[in-house]
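J.: Right, I'll just put the structure down here and ask away after.
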Amino acid sequence: MVFGILDLEGTIIMKRPVKFNTYCPFCRKHTEHEVEKVKKGKTTGLHWIDRQKARRSSVGNRGKFGKVPGGDKPTKKINVRYRCKECGKAHLRAGYRAGKFELTE
Numbered sequence: 001m002v003f004g005i006l007d008l009e010g011t012i013i014m015k016r017p018v019k020f021n022t023y024c025p026f027c028r029k030h031t032e033h034e035v036e037k038v039k040k041g042k043t044t045g046l047h048w049i050d051r052q053k054a055r056r057s058s059v060g061n062r063g064k065f066g067k068v069p070g071g072d073k074p075t076k077k078i079n080v081r082y083r084c085k086e087c088g089k090a091h092l093r094a095g096y097r098a099g100k101f102e103l104t105e
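1 is the number of the first residue of the sequence shown in full-length UniProt numbering; add one for each residue after it.
What follows is the structure in structure tokens.
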């Protein structure tokens, strides 16, 4: 169950229970799952995608939109990992956008 609440600043706060029943693709049945937020790992800065982002985001004589600096989106996509209580395996689902994310008991 997902609940969305607006705070005083107008940001959507998504509240999610820590444990709930949902489908496990490994057990192939509905079991109790534990929810945990996925944290972003550290990047080395030498990976090709990091160098590509640096080339694209630079401002200058870079062709189309070279004079316009890129901006961040108002919200970030939340990645959530669901861990099955029976088999212990975890799976992901498509992330969704939220300003703030809270796990409730």
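Ideal Cβ positions, reconstructed from N, Cα and C, are used throughout, including at glycine.
It should be emphasised that the depicted structure is a prediction, and the values quoted were computed from it without experimental measurement.
1. Does DSSP put residue 90 in a helix, a strand or coil?
2. Tell me which same chain residues have a C-beta within less than 6 Å of the C-beta of residue 24, skipping the five on either side of it?
3. Could you give the distance in angstroms between the alpha-carbon of residue 69 and the alpha-carbon of residue 50?
4. For residue 94, is the classification buried or exposed, using 16 other Cβ atoms within 10 angstroms of its Cβ as the cut-off for buried?
5. Is it true that the CB of residue 34 sits closer than 7 Å to the CB of residue 110?
T.: This is what the structure holds:
1. As a first step, residue 90 must be located in the sequence shown, where it is residue number 90. It is a strand residue.
2. In the sequence shown, the residue the question calls residue 24 occupies position 24. Here the set comprises 31, 84.
3. Working through the sequence shown from its first residue, we reach residue 69 at position 69. Working through the sequence shown from its first residue, we reach residue 50 at position 50. Distance between the alpha carbons of residue 69 and residue 50 is about 17 Å.
4. Position 94 of the sequence shown holds residue 94. Around the beta carbon of residue 94, a 10 Å sphere encloses fewer than 16 other beta carbons of the protein chains shown; the residue is thus reported as exposed.
5. Residue 110 falls outside the range modelled here, since the chain spans only 1 to 105, and no answer is possible.
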